[in-house]
Amino acid sequence: MATRAVTFRAGRGTSPVKPAALVAQSSTPVTLCADISEFQPSIADAAYLAWSKAVIIRAMYGADHVDGAWYGGQRREQLLAGGAQFLGSYQYLVASQDAATQARALATLLGHLEPGEYVIADIEEGAGPQQARWQAWANVIHGELGFAPGNYAGEYFAESAGLTPVDWIAAYQPVAPTVPHKLWQFSDSYNVPGVGVADCSRYLGTIAELRALAFGGGGATVPVPPVTAALNWTESLLNTLPTLAQGATGNDVRTMQGCLGARGHPVTIDGIFGIGTEGALRVFQTASGVTSDGIAGPATWPKLLAR
Numbered sequence: 002m003a004t005r006a007v008t009f010r011a012g013r014g015t016s017p018v019k020p021a022a023l024v025a026q027s028s029t030p031v032t033l034c035a036d037i038s039e040f041q042p043s044i045a046d047a048a049y050l051a052w053s054k055a056v057i058i059r060a061m062y063g064a065d066h067v068d069g070a071w072y073g074g075q076r077r078e079q080l081l082a083g084g085a086q087f088l089g090s091y092q093y094l095v096a097s098q099d100a101a102t103q104a105r106a107l108a109t110l111l112g113h114l115e116p117g118e119y120v121i122a123d124i125e126e127g128a129g130p131q132q133a134r135w136q137a138w139a140n141v142i143h144g145e146l147g148f149a150p151g152n153y154a155g156e157y158f159a160e161s162a163g164l165t166p167v168d169w170i171a172a173y174q175p176v177a178p179t180v181p182h183k184l185w186q187f188s189d190s191y192n193v194p195g196v197g198v199a200d201c202s203r204y205l206g207t208i209a210e211l212r213a214l215a216f217g218g219g220g221a222t223v224p225v226p227p228v229t230a231a232l233n234w235t236e237s238l239l240n241t242l243p244t245l246a247q248g249a250t251g252n253d254v255r256t257m258q259g260c261l262g263a264r265g266h267p268v269t270i271d272g273i274f275g276i277g278t279e280g281a282l283r284v285f286q287t288a289s290g291v292t293s294d295g296i297a298g299p300a301t302w303p304k305l306l307a308r
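Set out below in structure tokens:
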């Protein structure tokens with residue numbers, strides 16, 4: 002079981018997993034990615050980025066504590082300017098605080114997303130099912146930042162809390178967990194160049210493929226302008242969103258599911274366009290005055306994305 006003895010920390014513990022073992026498990030390219038926080042206060046960006054162009058940093062702990070690794074946003078800016086192609090920013094969700102309140106605090110801290118950025122909820126505590134808390138958090142992040150975020154949890158906690166599958170799974174073992182995931186945190190005591198001892202994760206694929214999962218996927222390099230009265234952000238998003246019907250999967254489906262939840266029609270944000278998602282979409286379409294065909298197309302997306 003992947004657990005953390007003290008929740009307010011990263012990069013502590015032991016793990017026997019070696020890089021050669023990770024690479025040997027598949028002929029598919031492997032991208033390694035460190036998870037850094039205020040427990041790694043001094044980072045040599047050039048040395049790290051020579052090792053990997055993917056990195057994840059803790060931005061907040063709950064709604065009130067901005068992580069020391071944030072440095073007023075300077076670490077984020079420097080890593081992106083230095084060539085990071087995938088940069089995850091995560092918030093540790095405190096069970097005693099409202100999930101939506103925590104999400105709003107993170108959205109305020111981030112302000113907006115640049116291409117290659119990915120937002121993550123770190124869910125490691127709380128009694129009983131956690132799916133509702135996760136969805137409440139995800140709905141706010143999507144509504145504020147225009148991106149369907151991901152989530153993180155230990156393998157067994159995710160199962161017991163009803164979160165499986167999660168996007169980023171922790172399982173400190175020699176082989177990858179069988180539960181579907183995008184990132185696998187395989188060690189909490191990895192010696193990372195330019196960082197030192199830190200949590201480390203594996204993505205089974207190239208850095209370009211990992212970047213495609215992030216905001217502005219596909220390696221877009223055009224900066225995202227701030228939202229102003231003159232910017233129709235809905236039109237900008239519509240240019241990249243496909244027509245979706247039952248059977249579709251992926252991040253665009255997650256975006257649609259997050260929008261449905263934000264509009265009062267909550268569904269599981271799992272990236273799978275199933276019967277439940279179609280039913281919720283039809284109800285939303287009827288209430289919005291568009292044809293109730295269960296298809297997210299040009300007539301439906303503006304209603305889903307309207308602010």
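Numbering (the numbering used here), first residue to last: 2 to 308.
Even for Gly, the Cβ is constructed at its ideal location relative to N, Cα and C.
When you compare the CB positions of V268 and A288, do they come within less than 7 Å of one another, or not? no
Thinking just about the alpha-carbon of each residue, which of P178, G206 and T109 is nearest to the one in G73? G73 has its Cα closest to that of T109, out of P178, G206 and T109.
Might you give, ordered along the chain, the residues of its own chain that have their beta carbon closer than 7 Å to the beta carbon of L211, omitting 5 neighbours on each side? T32, A55, F87 and Y204
Three or more beta-carbon pairs under 8 Å between the segment 254-266 and the segment 128-140, yes or no? Yes, since at least three Cβ pairs between the segment 254-266 and the segment 128-140 fall closer than 8 Å, the two stretches touch.
Let's test the definition: count the other Cβ atoms within 10 Å of the Cβ of D65 and tell me whether it reaches 16, buried, or not, exposed. exposed
Bounding residues of the beta strand (DSSP E) (the contiguous stretch that carries R264): R264 -> no beta strand (DSSP E), and no H or E assigned at all.
With distance defined between alpha-carbon atoms, name the residue in V120, G83, A171 and R59 nearest to D189. A171
Tell me the rounded alpha-carbon separation between A159 and F216. 25 Å
Could you give the distance in angstroms between the alpha-carbon of V67 and the alpha-carbon of A60? 6 Å
Looking at C-beta atoms only, is the number of pairs between the segment 115-124 and the segment 241-254 that lie closer than 8 Å three or more? no
Exposed unless 16 or more other CB atoms sit within 10 angstroms - verdict on Q75: So Q75 counts as exposed.
So which of E145, I208 and A100 has the shortest CA-CA distance to T29? I208
For E39, which residues in the same chain have their Cβ closer than 7 Å to its Cβ, ignoring the five residues on either side in sequence? Cβ-Cβ distances below 7 Å link E39 to D68, G69 and A70 in the same chain, with the five nearest sequence neighbours on each side left out; the list follows chain order.
Helix, strand or coil: which one does DSSP assign to V120? Here V120 sits in strand by DSSP.
Could you compute how far the alpha carbon of W302 sits from the alpha carbon of Q247? 15 Å
Neighbourhood of L305 by C-beta distance below 6 Å, restricted to the same chain and skipping five residues each side: C260
Going by DSSP, name the residue or residues bridged to I37. I58
Element boundaries [beta strand (DSSP E), containing I170]: W169 to A171
Three or more C-beta pairs closer than 8 Å, one from the segment 89-108 and one from the segment 126-136: is that the case here? Cβ pair count under 8 Å is three or more, so yes.
Would you tell me roughly how many angstroms separate the C-alpha atoms of R105 and G147, rounded to the nearest one? 13 Å
Between which two residues does the alpha helix (DSSP H) holding S161 run? Counting along the chain, the alpha helix (DSSP H) containing S161 begins and ends at E156 to S161.
Helix, strand or coil: how does DSSP classify A221 here? Low local confidence applies: a pLDDT of 34 at A221 is under 50, so the model's placement there is unreliable, with the coordinate-based value given in what follows. Of the three classes helix, strand and coil, the one that applies to A221 here is coil, per DSSP.
According to DSSP, what are the bridge partners of L311? Lying before the first or after the last residue shown, residue 311 is absent from the chain, which here runs from 2 to 308.
Assign P17 to one of two classes, buried (16 or more other C-beta atoms within 10 Å of its C-beta) or exposed (fewer than that). Because P17 sits at a pLDDT of 47, beneath the cut-off of 50, its placement in the model cannot be relied upon, and the following sentence gives the value as read from the coordinates. By the 10 Å Cβ count, P17 comes out exposed.
Just list the residues that DSSP pairs A85 with in beta bridges. According to DSSP, A85 bridges with nothing at all.
Using DSSP with H/G/I as helix, E/B as strand and the rest coil, what is S202? strand
Helix or strand or just coil, what does DSSP make of G32? The sequence given here has Thr at residue 32, not Gly. Here T32 sits in strand by DSSP.
CA nearest to the CA of G218, picked from Y191, G251 and C201: G251
Please tell me whether G144 and Y119 are closer than 7 Å, where the distance is taken between their beta carbons. Not closer than 7 Å, so no.
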